[in-house]
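S.K.: In my numbering, the protein residues as written are 3 to 177.
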Amino acid sequence: MCQFTKSEFIQGLQQMNAASIDDIKLRLEQIVEKLKTDSEEFKLLYRFTFRFGLEPGHRILSLDMAISLWRLVFTVHTPDILPRWLHFLEQHQNIRGIPKDTWNMFLNFVETCDITQYDDTEAWPSLFDDFVEYEQERLKQAGLKGESEGGDGGVEGSEEATAGVGVLEDDNNNS
């Protein structure tokens, strides 16, 4: 889990043509730049990350590991919905783990899904359905709170949640 063997490390350095620390640094910078522009390369890295994070003999990532890996893999390009997704997962510790299908489909979910237009009859994992329901309720509550305080319907709350601050005021009925 999240470890390379010595032979894997050496083989990786050879494939990168990196013989020194400076070479490694340069190649890693080049890889990061390529990942910013090449969505297929990013997809390969994203899928590898799931396998890399698995405990030996397991087929499901622990929730803590999945959250950590999502934070890591989306360091360069953070989807707007990621902070809210991670907050949802952290608030629902009863989630056993993240299976491979859910992990892989999350990349498609963040690229194509609009929570306000979500169709729960589409073939998304049920965890996504639960998340969207949770988010829609949170947005509804933020809108009601904003209206009752003379605000703008909770737009600030949505921006704060997107920024990772999290504006979930009543998580008790959703845990």
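Glycine included, every Cβ here is placed at the ideal spot set by N, Cα and C.
Counting only the same chain and skipping the five closest in sequence on each side, list residues whose C-beta sits under 8 Å from that of L37.
M.R.: E43, F44, L47 and V78
S.K.: With DSSP as the reference, please indicate the residues paired to G99 in a beta bridge.
M.R.: S64
S.K.: Measure the Cβ-Cβ separation of A68 and W126 and say whether it is below 8 Å.
M.R.: no
S.K.: Which of the three DSSP states is assigned to M83 in this structure?
M.R.: Sequence inspection shows Ile at residue 83; the Met mentioned does not correspond to that position. It is coil, neither helix nor strand.
S.K.: Can you give me the start and stop residues for the alpha helix (DSSP H) that Y120 sits inside?
M.R.: Per DSSP, Y120 belongs to no alpha helix (DSSP H) and is neither H nor E.
S.K.: Between the region 91-99 and the region 115-126, are three or more C-beta pairs nearer than 8 Å?
M.R.: The count of Cβ pairs closer than 8 Å, one atom from the region 91-99 and one from the region 115-126, stays below three, leaving the stretches out of contact.
S.K.: How about R86 and E137: do their beta carbons lie closer than 8 Å?
M.R.: yes
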